[in-house]
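Respectively, the protein sequence lines represent chains L and A. Number 81 in full-length UniProt numbering belongs to position 81 of the first sequence; there are no gaps in the numbering. Number 115 in full-length UniProt numbering belongs to position 115 of the second sequence; there are no gaps in the numbering. The block underneath contains the structure these notes are about, expressed in structure tokens.
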Amino acid sequence: MRALPVGDRALLVELASGDEAQALHAELLRRRAAGTLTVREVVPAARTVLLDGLEEPSRLAAQLADWTVPPVPPRAEEAIEIPVRYDGPDLAEVAALWGVPEDEVARIHSAAEFRVAFCGFAPGFGYLTGLPARYDVARRATPRTSVPAGSVALAGPYTGVYPRASPGGWQLIGTTDRVLWDHARVPAALLAPGARVRFVAVGSV
Amino acid sequence: MTDRALAVVRAGALTTVQDLGRPGYAHLGVPRSGALDPPAAALVNRLVGNPPEAAVLETTLNGCALRPRSAVTVAVGGAPCAVTVGGRPAPWGAPVRVPGGTLLDIGPAQSGVRGYVAVSGGVAVEPVLGSRSTDLLSGLGPAPLTDGTVLPLGHPVGPHARVDAVPQPGPPAELVLRVTPGPRDDWFTATAVRTLVTRAYRVSTASNRIGLRTEGPALERSRTGELPSEGMVWGAVQVPPDGRPVVFLADHPTTGGYPVIAVVRPADLPAAAQAVPGTPVRFVAVRRR
Numbered sequence: 001m002r003a004l005p006v007g008d009r010a011l012l013v014e015l016a017s018g019d020e021a022q023a024l025h026a027e028l029l030r031r032r033a034a035g036t037l038t039v040r041e042v043v044p045a046a047r048t049v050l051l052d053g054l055e056e057p058s059r060l061a062a063q064l065a066d067w068t069v070p071p072v073p074p075r076a077e078e079a080i081e082i083p084v085r086y087d088g089p090d091l092a093e094v095a096a097l098w099g100v101p102e103d104e105v106a107r108i109h110s111a112a113e114f115r116v117a118f119c120g121f122a123p124g125f126g127y128l129t130g131l132p133a134r135y136d137v138a139r140r141a142t143p144r145t146s147v148p149a150g151s152v153a154l155a156g157p158y159t160g161v162y163p164r165a166s167p168g169g170w171q172l173i174g175t176t177d178r179v180l181w182d183h184a185r186v187p188a189a190l191l192a193p194g195a196r197v198r199f200v201a202v203g204s205v
Numbered sequence: 001m002t003d004r005a006l007a008v009v010r011a012g013a014l015t016t017v018q019d020l021g022r023p024g025y026a027h028l029g030v031p032r033s034g035a036l037d038p039p040a041a042a043l044v045n046r047l048v049g050n051p052p053e054a055a056v057l058e059t060t061l062n063g064c065a066l067r068p069r070s071a072v073t074v075a076v077g078g079a080p081c082a083v084t085v086g087g088r089p090a091p092w093g094a095p096v097r098v099p100g101g102t103l104l105d106i107g108p109a110q111s112g113v114r115g116y117v118a119v120s121g122g123v124a125v126e127p128v129l130g131s132r133s134t135d136l137l138s139g140l141g142p143a144p145l146t147d148g149t150v151l152p153l154g155h156p157v158g159p160h161a162r163v164d165a166v167p168q169p170g171p172p173a174e175l176v177l178r179v180t181p182g183p184r185d186d187w188f189t190a191t192a193v194r195t196l197v198t199r200a201y202r203v204s205t206a207s208n209r210i211g212l213r214t215e216g217p218a219l220e221r222s223r224t225g226e227l228p229s230e231g232m233v234w235g236a237v238q239v240p241p242d243g244r245p246v247v248f249l250a251d252h253p254t255t256g257g258y259p260v261i262a263v264v265r266p267a268d269l270p271a272a273a274q275a276v277p278g279t280p281v282r283f284v285a286v287r288r289r
């Protein structure tokens, strides 16, 4: 663990792995809820957690080294289920990359249990980890100018669902009708960092 | 709609509703947003007797024209400009009474970029996650104003300020941004880090509420490969593959994958909102406090 100062009011804590980042994120939220940590933003990412709005970042940086951070804690609440029609335009390409028949993609993807590692790109867009590393796929060489809302997509070690239509370079394997972001809903985001997620195959192509 | 409303007659190049923004949601991918020049927005609110959290209008370069349905007090600040009420010149940077049905015209910026218009009672569009701010990156909050938009107004809570003149910083002839290095200055050559804080840059025309883009010597990276996405702050100086530094402003993405070579002191960021394209930019290295 390495804490890098970001300006005068923020710290970027760098971890050895995504799992460690998720574990530290959970620990930071626990401490904030307990009232022992005051911070405006806690932003987990691939291998870091950003803390913004700290009074004394250097003091926290010094203390962090002594913290005991338990591994990614089990979540008490149910996994969020996202029904998916595995009919994306890149399904054949992903099947080829994985070396499996096309219908195996749905089976493999819906058998995994995911966790929201972090969010970004657009409100409600979560970077979900959970697929074994052998299923990592590269982004498309040429990004699409418009990816439809509800597209279920893969890139690197992550699965994501586009909350709204936007340009994107991820490999599209399916579609869901679940609403990822609705600012009139509480909470607005279906997926927040740390949440458990399962994809459930529905319908047929 | 009641008569507490404001009709937009001329929306201008880019006029948005802004308040203090929506901090606390970066972990969901929601930018902070809010007025790009917070002291200017706070000042015009104070002048009309609004609380600090009231929503104002932020104009860009060529102002806007508005017609309130009932009498309101307004104040225009930020970028200096001509103000007229019903065709007659009115003071800038001071409370002005606008009778119902009368045209309030906010002229083009004489210098600077962003003007702020506070109306007594504040702009009362529906908040999203506790804020009425337009967020251009993610499309949260009200869309940028268009001709014919009608905005609801809140009820005034206090009397307007009684002042003859209030000091406001002028737009910068040269934008001086104090920076502390890191967190990813080690992704750049020593020459690149020196170049950033010694050479001249200029504000690029591609600047917007998301970032102040600059033109100048490209900063060379010392390592190749991709940086895994990480959290970003307002004021982060991110360096994309073209090597030209971008200073993140209010609507910046909450995570990003290009290395941040330095971070601008928050106190210097309001001036970045007012620097017109072509303004010289100097990044000055300062020690961490």
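Just so it is clear, CB atoms sit at the ideal spot from N, CA and C, and this is done for glycine as well.
{"Asked": "Closer than 9 Å by beta-carbon distance: list the chain L residues that pair up with T224/A, in chain order.", "Found": "None at all; the shortest Cβ gap to chain L is about 17 Å."}
{"Asked": "Closest Cβ-Cβ distance between H183/L and chain A: below 8 Å?", "Found": "yes"}
{"Asked": "Just mark E174/A as buried or exposed, buried being the case when its beta carbon has 16 or more other beta carbons within 10 Å.", "Found": "exposed"}
{"Asked": "Taking the continuous alpha helix (DSSP H) assigned at E27/L, which residues delimit it?", "Found": "18-33"}
{"Asked": "Do A138/L and the ligand MN come close, with the Cβ less than 7 Å from some heavy atom?", "Found": "The ligand MN is not part of this structure, which contains no ligands at all."}
{"Asked": "Is it true that the segment 57-71 of chain A meets the segment 10-27 of chain A, where meeting means three or more beta-carbon pairs spaced less than 8 Å apart?", "Found": "yes"}
{"Asked": "Nearest-angstrom Cα distance between L190/A and P217/A?", "Found": "Before going on, a small fix: residue 190/A reads as Ala here, not Leu. Distance between the alpha carbons of A190/A and P217/A is about 14 Å."}
{"Asked": "Any idea which residues DSSP pairs P5/L with across the strands?", "Found": "L11/L"}
{"Asked": "Taking only beta-carbon positions, decide if P270/A is within less than 8 Å of chain L.", "Found": "no"}
{"Asked": "In angstroms with no decimal places, state the Cα-to-Cα distance between V205/L and P101/L.", "Found": "In this prediction, V205/L scores a pLDDT of 42, lower than 50, which makes its location untrustworthy; no coordinate-derived value is stated."}
{"Asked": "Given a cut-off of 8 Å, decide if V186/L and V84/L are closer than it, judged by their beta-carbon atoms.", "Found": "no"}
{"Asked": "Please classify I155/A as buried or exposed, where buried requires at least 16 other C-beta atoms within 10 Å of its C-beta.", "Found": "The residue you asked about is not Ile; residue 155/A is His in the sequence shown. It is exposed - the Cβ of H155/A has fewer than 16 other Cβ atoms within 10 Å."}
{"Asked": "Please name the residue in D87/L, L24/L, P89/L, G99/L whose C-alpha comes closest to that of A65/L.", "Found": "L24/L"}
{"Asked": "Helix, strand or coil for W234/A per DSSP?", "Found": "coil"}
{"Asked": "Buried or exposed: where does T279/A fall if 16 or more other Cβ atoms within 10 Å of its Cβ makes it buried?", "Found": "buried"}
{"Asked": "Could you give the first and the last residue of the continuous alpha helix (DSSP H) run that contains S58/L?", "Found": "57-64"}
{"Asked": "Taking CB distances under 8 Å as the criterion, tell me whether P240/A reaches chain L.", "Found": "no"}
{"Asked": "What runs of the beta strand (DSSP E), each 3 residues or longer, lie entirely inside the segment 40-99 of chain A?", "Found": "56-60, 64-68, 72-78, 81-85, 88-90, 96-98"}
{"Asked": "What would DSSP say about R114/A, mapped onto helix, strand or coil?", "Found": "strand"}
{"Asked": "Could you check whether the Cβ of G29/A sits closer than 8 Å to any Cβ belonging to chain L?", "Found": "yes"}
{"Asked": "Tell me which residues of the segment 203-216 of chain A have at least one Cβ-Cβ distance to chain L shorter than 9 Å, keeping chain order.", "Found": "none"}
{"Asked": "Below 9 Å between beta carbons is the criterion; list the residues of the segment 41-54 of chain L that meet it against any residue of chain A, in chain order.", "Found": "E41, V42, V43, P44, A45, A46, R47, T48, V49, L50, L51, D52, G53"}
{"Asked": "Compute the Euclidean distance between the alpha carbons of L15/L and L128/L, then round it to the nearest angstrom.", "Found": "18 Å"}
{"Asked": "Counting pairs of Cβ atoms below 8 Å between the segment 177-186 of chain L and the segment 94-110 of chain L, do you hit three or more?", "Found": "no"}
{"Asked": "Across the segment 131-149 of chain L and the segment 158-177 of chain L, are there enough close Cβ pairs to call them in contact, namely three or more that are closer than 8 Å?", "Found": "yes"}
{"Asked": "In chain order, what residues of the same chain lie with their CB nearer than 8 Å to the CB of A188/L, ignoring the 5 residues before and after it?", "Found": "P123, G124, W181, D182"}
{"Asked": "In terms of residue numbering, what span does the alpha helix (DSSP H) encompassing V105/L cover?", "Found": "102-111"}
{"Asked": "Measuring straight from C-alpha to C-alpha, what distance separates L28/L and L103/A?", "Found": "52 Å"}
{"Asked": "Note down the Cα distance separating R114/A from R132/A, rounded to an integer number of angstroms.", "Found": "18 Å"}
{"Asked": "Pair every Cβ in the segment 114-123 of chain A with every Cβ in the segment 43-50 of chain A, then say whether three or more of these pairs are closer than 8 Å.", "Found": "yes"}
{"Asked": "For chain A, check one thing: does any of its Cβ atoms lie closer than 8 Å to the Cβ of D8/L?", "Found": "yes"}
{"Asked": "Reducing DSSP to helix, strand and coil, say where D147/A ends up.", "Found": "coil"}
{"Asked": "Buried or exposed for E77/L, going by 16 or more other Cβ atoms inside 10 Å?", "Found": "exposed"}
{"Asked": "Can the beta-carbon of A117/L be found less than 8 Å from the beta-carbon of P70/L?", "Found": "no"}
{"Asked": "Report buried or exposed for D251/A, applying the criterion of at least 16 other Cβ atoms within 10 angstroms of its Cβ.", "Found": "buried"}
{"Asked": "Would you identify the three-state DSSP class for A189/L, choosing helix, strand or coil?", "Found": "strand"}
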